[in-house]
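Notes to accompany the following structure.
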Amino acid sequence: MFKDSEIAKGIQLGRDKMAYFLIFGIAPFFKENFMKELLLCEHLVIGFDESLNTISQMQQMDLNVRFWCLATNEVKTRYLNSAFLGRSCSEDLLAAFKEATKPLNLKKLFHVSMDGPNANFKFFKELTSCIKEGPEDLEILNMGSCGLHSVNLAFKTGAKCTNWKIFDFMRALYYVEKDKNAPTSKSYVTIKEHISDPLLPAKLAFFQSIANEFESFLTEYQTDVPLIPFLFEDLTNLVSRLLKRFVLRDALKEGNILNVDFENVASFLPSKKIDVGISASYHIKKAKASEGQLNTFFKDARKFLIGCVRKLLERSPLIYILTRSVSCFNPMVTLSETLFDQRLTKLLLILCENNWMAPISADKAKNQLKEVCAESKNVSKLKMYKRTERVDKFWFNLLSTYPKPCNDAISLLKMIMILSHGNSNVERGFSINKECLWENMKEQTLIARRIVYDSIQANGGINNFEVSKQLILSVRNSRGNYEEYKEKKRKEEKELRENFKRKREAENQLKELKAKKLKILEAAQKDSLRVEEEIASLKLLKKKL
Numbered sequence: 217m218f219k220d221s222e223i224a225k226g227i228q229l230g231r232d233k234m235a236y237f238l239i240f241g242i243a244p245f246f247k248e249n250f251m252k253e254l255l256l257c258e259h260l261v262i263g264f265d266e267s268l269n270t271i272s273q274m275q276q277m278d279l280n281v282r283f284w285c286l287a288t289n290e291v292k293t294r295y296l297n298s299a300f301l302g303r304s305c306s307e308d309l310l311a312a313f314k315e316a317t318k319p320l321n322l323k324k325l326f327h328v329s330m331d332g333p334n335a336n337f338k339f340f341k342e343l344t345s346c347i348k349e350g351p352e353d354l355e356i357l358n359m360g361s362c363g364l365h366s367v368n369l370a371f372k373t374g375a376k377c378t379n380w381k382i383f384d385f386m387r388a389l390y391y392v393e394k395d396k397n398a399p400t401s402k403s404y405v406t407i408k409e410h411i412s413d414p415l416l417p418a419k420l421a422f423f424q425s426i427a428n429e430f431e432s433f434l435t436e437y438q439t440d441v442p443l444i445p446f447l448f449e450d451l452t453n454l455v456s457r458l459l460k461r462f463v464l465r466d467a468l469k470e471g472n473i474l475n476v477d478f479e480n481v482a483s484f485l486p487s488k489k490i491d492v493g494i495s496a497s498y499h500i501k502k503a504k505a506s507e508g509q510l511n512t513f514f515k516d517a518r519k520f521l522i523g524c525v526r527k528l529l530e531r532s533p534l535i536y537i538l539t540r541s542v543s544c545f546n547p548m549v550t551l552s553e554t555l556f557d558q559r560l561t562k563l564l565l566i567l568c569e570n571n572w573m574a575p576i577s578a579d580k581a582k583n584q585l586k587e588v589c590a591e592s593k594n595v596s597k598l599k600m601y602k603r604t605e606r607v608d609k610f611w612f613n614l615l616s617t618y619p620k621p622c623n624d625a626i627s628l629l630k631m632i633m634i635l636s637h638g639n640s641n642v643e644r645g646f647s648i649n650k651e652c653l654w655e656n657m658k659e660q661t662l663i664a665r666r667i668v669y670d671s672i673q674a675n676g677g678i679n680n681f682e683v684s685k686q687l688i689l690s691v692r693n694s695r696g697n698y699e700e701y702k703e704k705k706r707k708e709e710k711e712l713r714e715n716f717k718r719k720r721e722a723e724n725q726l727k728e729l730k731a732k733k734l735k736i737l738e739a740a741q742k743d744s745l746r747v748e749e750e751i752a753s754l755k756l757l758k759k760k761l
């Protein structure tokens, strides 16, 4: 960073100086430049997730933003901000989300990426209501919760449908190895119970076989590169592979994969013909298990698979029409003219219905895309496309180099490619948080460190970062900004103390007035009783006369 090492030698940095350099000089410079970039974007996707901040003992909600970078003409995902919550109910999430996304225009919010708690779905409804005030306003597109979360949850659900308690066994192994527990410990007892099962090796092998099915999807989708055009096919293939393990081929005809009737036992393979994997089959042959134990194993294997598929069909993005529709940008789908036309038409209708695209522009985009994809030279490119190539760059190059203008198709491309396929970027940020945290660290320091780290990474890393004159000027001004901040804080604290003092005085006056009122009421009550007695005595005297 410093080409002349003498510059670095001459710098003296104490703790306070480092702090205000970071918070009031470096971080504001990066944030201001980033906000300028985001304010030029037509559409934004924001993802968020919460984790416990171990220093403040509060829920920390990290937000990232996904957008089309005009400088590089590709999708980028960057850290945006963090908010700190005492609770995580929908109202708190909404308030924190609005505060953390300032000064961005939420009318540009195209999609929200989140995991699946009910509070998040309620938050999404409330956020949509805030943004869509009238029928002509834009409406955030809904693709449910994070695809990675839903797939991971499906695997866990399947495992819990059996009575194998594999997770308990594996957890016990971990703690016995880690803590060297005594034979009387709970973990040791759990291991002892499981290893007495003759089919434990087969169960573990089956567990691993299914885990491998999920792992390939989860590994590939741990990326910031756009994969949304492939999400529908990849999830469908995952469901199909799981179904083929225990459902008859005739029941899995085209178009029926997502509508399997799990109550129809006649569509299932016989128990012993269930595909449990080569390794599990090998261990079954070696196991000294009774016929009853084997039957129970295969039935449990079916329960495992049904649990996985059911949860995938209930919670994953597969259930949303938008997921299928955006697959029109899968180069393989474009090779089928009918399928491409159906999915592209449906996608454009969804965008028009949610006011993201004018119908005239949608027609133009459709015609432009169909024309580009029909050209023989481009058909060859579509056929030769490999998943290792960024799909956003592939489509942008295809459309921008076409002899005729494709402005509407390019606008559509920029919208669709920023859709999030998962929340992995936010969750990777949790690991960065752990590295950034230290004892008694203030929230603003953590946010500043995250902003600086993200900005340097976005610029190619510390070795490729050029220190500009504007950054140097910002750091020079950091001392003044720090003093202004301290003065502002002093005024706020003084105002708080004065308000507290006035509040306490008002409370004391209120107590005095209440006590005075009580005395007056007591005196009035005594006077009232005395008058009542006089009236009663006069009435008695009147009767005697």
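Counted the way my numbering counts, the sequence shown spans residues 217 to 761.
Positions of the beta carbon are idealized from the N, C-alpha and C atoms, including for glycine.
Whole-angstrom distance between Ser483 and Cys346, CA atom to CA atom: Each residue's Cα considered, the two are about 47 Å apart.
Helix, strand or coil at Lys568 according to DSSP, with G and I counted as helix: Reading off the sequence, residue 568 comes out as Cys, not Lys. Cys568 carries a helical assignment under DSSP once its states are collapsed to helix, strand and coil.
Do Asp670 and Arg231 come within 8 Å of each other at the CB atom, strictly closer than that value? Cβ distance not < 8 Å, so Arg231 and Asp670 don't count as in contact.
Below 8 Å, how does it come out for the segment 258–271 and the segment 642–653: are there three or more Cβ pairs, yes or no? Yes, the segment 258–271 is in contact with the segment 642–653.
For Ser329, does the three-state DSSP call read helix, strand or coil? Strand at Ser329.
Can you give me the Cβ contacts of Lys620 inside the same chain, cut-off strictly under 8 Å, excluding the 5 residues immediately before and after it? Cβ neighbours of Lys620 beyond the five flanking positions: Gln584, Glu587.
Assigned exposure category for Trp611 - 16 Cβ within 10 Å defines buried: Answer is buried; the Cβ neighbour count reaches 16.
Between the CA atoms of Asp278 and Ala674 - distance to the nearest angstrom: Each residue's alpha carbon lies about 18 Å from the other.
Is it a yes or a no for the segment 330–340 touching the segment 299–307, going by three-plus beta-carbon pairs under 8 Å? Inter-segment contact for the segment 330–340 and the segment 299–307 is present: three or more beta-carbon pairs are separated by less than 8 Å.
Coil, strand or helix - Ser267 by DSSP: When secondary structure is reduced to three states using DSSP, Ser267 falls in the strand class.
To the nearest whole angstrom, what separates the beta carbons of Gly523 and Cys622, a pair I think is in contact under 8 Å? A Cβ-Cβ separation of about 46 Å leaves Gly523 out of contact with Cys622 under the 8 Å criterion.
Over what stretch of residues does the beta strand (DSSP E) that includes Arg294 continue unbroken? Per DSSP, the unbroken beta strand (DSSP E) holding Arg294 starts and ends at 290–301.
Element boundaries [alpha helix (DSSP H), containing Leu254]: Its alpha helix (DSSP H) spans residues 243–255.
N- and C-terminal bounds of the alpha helix (DSSP H) containing Gln273: For Gln273, no alpha helix (DSSP H) segment is defined, and its DSSP state is neither H nor E.
Return the CA-CA distance between Lys562 and Val542, expressed in angstroms with no decimal places. In this structure, the straight-line span from the alpha carbon of Lys562 to that of Val542 is close to 9 Å.
State the Cα-Cα distance for the pair Asn570 and Ile356, rounded to the nearest angstrom. Approximately 8 Å, taken between the alpha carbons.
I'd like to check one pair, Leu434 with Pro334: are the Cβ atoms closer than 8 Å? A small fix is needed here, since residue 334 is Asn in this sequence, not Pro. Their beta carbons are not under 8 Å apart, which means Asn334 does not touch Leu434 by this criterion.
Comparing C-alpha positions only, which one of Leu529, Thr512, Arg461 sits nearest to Lys489? The shortest CA-to-CA distance from Lys489 to any of Leu529, Thr512, Arg461 is the one to Arg461.
Segments of 4+ residues assigned as alpha helix (DSSP H) that fall wholly inside the segment 683–756: As far as the segment 683–756 is concerned, its whole alpha helix (DSSP H) runs of at least 4 residues are 685–692.
Thinking just about the alpha-carbon of each residue, which of Leu454, Cys257, Arg746, Thr604 is nearest to the one in Gly363? Here the closest residue by C-alpha is Leu454.
Let me know the secondary structure DSSP gives Asp477 once reduced to three states. Correct three-state label for Asp477: coil.
Supposed contact pair Val476 and Leu459 - C-beta distance, whole angstroms, cut 8 Å: Sure, about 6 Å apart at Cβ, within 8 Å.
Which residues does DSSP list as the beta-bridge partners of Asn280? In DSSP, Asn280 forms a bridge with Gly263, Tyr295.
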